[in-house]
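Here the structure is laid out as C-alpha cells; the discussion comes afterwards.
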Amino acid sequence: MLLEVLLTIYCFLESTAYFIHIDANEEQCFFDRVTAGTKMGLIFEVAEGGFLDIDVKVPLFGFLLVPSESAKLEDMVRELSSALTTVKHEQEYMEIRERVHRLINESTNSRVVLWAIFEAVVLVAMSFGQIYYLQRFFEVRRVV
Numbered sequence: 352m353l354l355e356v357l358l359t360i361y362c363f364l365e366s367t368a369y370f371i372h373i374d375a376n377e378e379q380c381f382f383d384r385v386t387a388g389t390k391m392g393l394i395f396e397v398a399e400g401g402f403l404d405i406d407v408k409v410p411l412f413g414f415l416l417v418p419s420e421s422a423k424l425e426d427m428v429r430e431l432s433s434a435l436t437t438v439k440h441e442q443e444y445m446e447i448r449e450r451v452h453r454l455i456n457e458s459t460n461s462r463v464v465l466w467a468i469f470e471a472v473v474l475v476a477m478s479f480g481q482i483y484y485l486q487r488f489f490e491v492r493r494v495v
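Given below as C-alpha cells:
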C-alpha cells in the first residue's frame with residue numbers, strides 16, 4: 352500500500368499536464384527544453400466540443416522526431432471511434448423511425464376503433480329501422 356502511494360506521488364511529480372481552451376482557427380505554441388537523449392512524448396485530448404480535428408505539428412529544431420510506435424493502435428482506435436459514431440447515428444435514426452412508425456400505428460388503430468364504433472351504431476340503427484318497417488308492413492288495419 353505504501354509503495355503504491357509513493358509510486359503515485361512520484362508519477363505525479365514527474366509528469367506535466369496543461370488544460371487549455373482553443374477557439375476556432377486559433378493557434379497555440381508550446382516548447383520544452385530537454386537534454387540530448389531524453390525521450391519526450393506529446394499526448395493531447397479534446398475534452399469537449401468540436402469534431403476532434405486539432406492539428407498537431409512538431410517542427411524540427413535540430414533533433415530527430417521519432418514516429419510513434421503506437422501509430423497502428425491509434426489508427427485502430429480512430430476506426431473504432433468512427434464505427435461507434437456511425438452506430439450512434441444509426442441508433443438515433445432507428446429511434447426516430449420507431450417513434451414515427453409507432454405514432455402512425457397508434458393513429459391507424461384509433462381510426463379503426465372509431466370506424467368499428469360507427470359501423471356498430473349504423474348496424475343497430477338499421478336493425479331498429481328494419482324492425483319498425485316490418486311491424487308497419489304486417490300491421491293489419493281494420494275498419495270498424
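The opening residue of the sequence shown carries number 352 in my numbering; numbering runs sequentially from there.
Glycine included, C-beta positions come from ideal geometry on N, C-alpha and C.
On a predicted model such as this, the values are computed, not experimentally measured, just so you know.
Three-state class that DSSP yields for residue i in the structure shown
i, result
"aspartate 426", "helix"
"methionine 322", "The shown model of the chain, from 352 to 495, leaves out residue 322, and the question about it has no answer."
"threonine 386", "coil"
"arginine 453", "helix"
"alanine 434", "helix"
"alanine 471", "helix"
Inter-residue spacing [alpha-carbon to alpha-carbon] between residue i and residue j
i, j, result
"aspartate 383", "glutamate 430", "32 Å"
"lysine 319", "cysteine 380", "As displayed, the chain neither begins before 352 nor continues past 495, which places residue 319 out of reach and without an answer."
"asparagine 376", "leucine 454", "44 Å"
"isoleucine 447", "isoleucine 371", "37 Å"
"tryptophan 466", "methionine 427", "58 Å"
"leucine 424", "leucine 357", "31 Å"
"glutamine 486", "leucine 474", "18 Å"
"valine 385", "threonine 436", "39 Å"
"serine 458", "isoleucine 468", "15 Å"
"isoleucine 360", "alanine 387", "26 Å"
"asparagine 460", "methionine 445", "22 Å"
"arginine 492", "glycine 480", "21 Å"
"valine 494", "glutamate 470", "42 Å"
"lysine 390", "serine 433", "31 Å"
"phenylalanine 489", "serine 478", "17 Å"
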